[in-house]
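Undergrad: Add 16 to the 1-based position in the sequence shown for full-length UniProt numbering, that's all there is to it. So that we are looking at the same thing, I have put the structure below in structure tokens.
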Amino acid sequence: YSQDRYIKDQYTFPIGASVNPRLLSTNEAYRNLATSEFNSITAENHMKMMLIHPDSELFDFSKGDELIQFARDNNKRMHGHTLVWHNQVPAWMLAFSGDLQAWENMLKNHIQTVAKHYQGQVSGWDVVNEAFLDDGSLRPSIWSKNIPDYIAKSFQWAHEADPNALLFYNDYGQDGKPHKMEAILNLVKDLQARQIPIHGLGLQMHINISAKNEDIRRVIEQSTATGLAIHFSELDIAVNPKNDSTFVFNEAAKEAQMQKFNLVFNAYRAIPKQQQYGITFWNVGDRDSWLRGYFKRPKEYPLLFDDQYHRKPVYSNLLYP
Ligand code: G3I
């Protein structure tokens with residue numbers, strides 16, 4: 017492959033990565049890849065509640081703004097992630113107490129302050145992230161407990177704050193979890209019936225080389241049939257999901273990963289153009305992958321760039337679609 021061709025230029029839809037502002041400002045190889053290979057970015061952590069709203073009266077937009085500046089300087093789209101989640105919630109929110117009205121005011125203030133701050137600078141928001149369990153029930157969280165209709169309200173409040181942003185519901189593991197998928201489709205129908213704006217579905221696509229092709233195809237088809245924009249919002253393909261300490265990333269594993277990336281990209285390319293919001297990788301290189309840190313799994317290689325930030329063979333396979 018040639019070093020002067022970049023994956024972002026190979027597709028008619030945006031190719032993104034989640035990024036970390038510390039690496040962006042301290043690691044040149046990382047910054048070069050983020051700049052040349054991708055045309056969309058998502059903040060890996062810094063627009064989440066815990067980081068952006070650390071105290072009830074305090075919003076900290078500094079790192080998010082840094083990413084916005086990077087996006088602007090380098091002509092990248094910025095995708096907003098995420099307004100409401102059960103995870104990475106600041107302590108003061110977890111300790112919050114009040115009646116329904118007080119909870120609604122608190123969440124509305126969060127959503128609208130953040131969405132207004134980034135109005136015109138992000139193309140879309142993951143408004144609500146991971147609200148359902150695998151069995152399709154609403155995930156127990158401070159949000160579902162204290163504001164039973166929080167999903168619909170969050171979309172409504174986000175829309176009021178930034179009427180031009182595309183609003184996404186984002187979740188993982190739809191493949192092989194039919195009840196979760198059904199809950200998401202029912203949510204879309206419910207919001208549409210109530211005329212509450214939802215514009216897109218984020219399929220995180222944290223998958224592994226054993227994910228079943230037919231399951232992946234089915235959830236993509238079901239999602240696409242809603243007519244909403246589709247974002248593969250957090251793509252990575254794990255090769256060592258069981259965290260085997262003796263794992264070797266051998267030819268067979270490389271081939272399996274390449275086949276799976278092909279399947280995912282081909283399925284995405286089959287989505288009608290007007291519904292293609294883009295494919296975003298979760299992290300830039302293998303060494304930054306959340307799978308290594310979060311699961312303490314050093315032998316994991318789920319992305320397109322190796323530990324030296326060099327292109328892996330799987331990269332060139334996606335270069336000429
Ligand atoms: O910054 C603190 C540091 O001060 C502290 O000393 C250290 C000790 O634990 O933690 C650091 O925070 C970590 C944070 O990432 C920033 O690096 C958290 O522990 C760690 O849990 C957190 O992990 C993030 C994870 O979301 C939280 O659930 C990952 O980086 C991030 O990649 C991951 O992203 C999520 C998406 O938002 C939603 N979909 C799933 C995806 C993968 O889990």
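Don't be surprised by glycine CBs; every beta carbon is placed ideally from N, CA and C. On a predicted model such as this, the values are computed, not experimentally measured, just so you know.
#1: Identify whether residue 22 lies in helix, strand or coil by the three-state DSSP scheme.
#2: With a cut-off of 8 Å on the beta carbons, I'd call residue 265 and residue 280 a contact; round off their distance for me.
#3: Considering only DSSP beta bridges, list what residue 119 is partnered with.
#4: Can residue 287 and residue 223 be called in contact, C-beta distance under 8 Å?
#5: Answer yes or no: do residue 305 and residue 314 have a C-beta to C-beta separation smaller than 8 Å?
#6: On a CA-only basis, which of 49, 147 and 244 is nearest residue 199? Give me that one, please.
#7: For residue 329 and residue 63, I'd like the C-alpha separation in whole angstroms.
#8: So, using beta-carbon positions, are residue 34 and residue 299 closer together than 8 Å?
#9: Given this structure, state the Cα-to-Cα distance separating residue 102 from residue 158, to the nearest angstrom.
#10: What are the boundary residues of the beta strand (DSSP E) that residue 252 is part of?
#11: Please state whether DSSP places residue 292 in a helix, a strand or coil.
#12: Taking the alpha carbon of residue 192 as the reference point, which residue from 221, 267 and 184 has its own alpha carbon closest?
#13: Leaving aside the five residues before and after residue 17 along the sequence, list all residues of the same chain whose C-beta is less than 6 Å from its C-beta, in chain order.
TA: Inspection of the coordinates gives the following:
#1: Taking the first residue of the sequence shown as 1, we reach residue 22 at position 6. It is coil, neither helix nor strand.
#2: Stepping through the sequence shown from its first residue, residue 265 is reached at position 249. Stepping through the sequence shown from its first residue, residue 280 is reached at position 264. With 8 Å as the limit, residue 265 and residue 280 do not qualify as a contact, their Cβ atoms being about 19 Å apart.
#3: Position 103 of the sequence shown, counted from the start, is the residue given in the question as residue 119. None; residue 119 has no bridge partner.
#4: As a working mapping, residue 287 is identified with position 271 in the sequence shown. As a working mapping, residue 223 is identified with position 207 in the sequence shown. No.
#5: What you label residue 305 is simply residue 289 of the sequence shown in a count that begins at 1. What you label residue 314 is simply residue 298 of the sequence shown in a count that begins at 1. Against a cut-off of 8 Å, the Cβ pair of residue 314 and residue 305 comes out as no contact.
#6: Counted from its first residue, the sequence shown places residue 199 at position 183. Closest by alpha carbon: 147.
#7: Counting from one through the sequence shown, the residue named residue 329 turns up at place 313. Counting from one through the sequence shown, the residue named residue 63 turns up at place 47. Roughly 33 Å between the two C-alpha positions.
#8: Your numbering for residue 34 matches position 18 in the sequence shown. Your numbering for residue 299 matches position 283 in the sequence shown. Yes, Cβ-Cβ distance for residue 34 and residue 299 is below 8 Å.
#9: By 1-based counting over the sequence shown, the position of residue 102 is 86. By 1-based counting over the sequence shown, the position of residue 158 is 142. For residue 102 and residue 158, the distance between alpha carbons rounds to 7 Å.
#10: Taking the sequence shown and counting its residues from 1, the one referred to as residue 252 is at position 236. Its beta strand (DSSP E) spans residues 245-254.
#11: Along the sequence shown, one-based indexing puts residue 292 at 276. Residue 292: strand per DSSP, three-state reduction.
#12: By one-based count along the sequence shown, residue 192 stands at place 176. Ranking 221, 267 and 184 by Cα distance to residue 192 puts 221 first.
#13: Here residue 17 refers to the residue found at position 1 of the sequence shown. With a pLDDT of only 41 at residue 17, under 50, the local geometry of the prediction cannot be trusted, and no value is derived from it.
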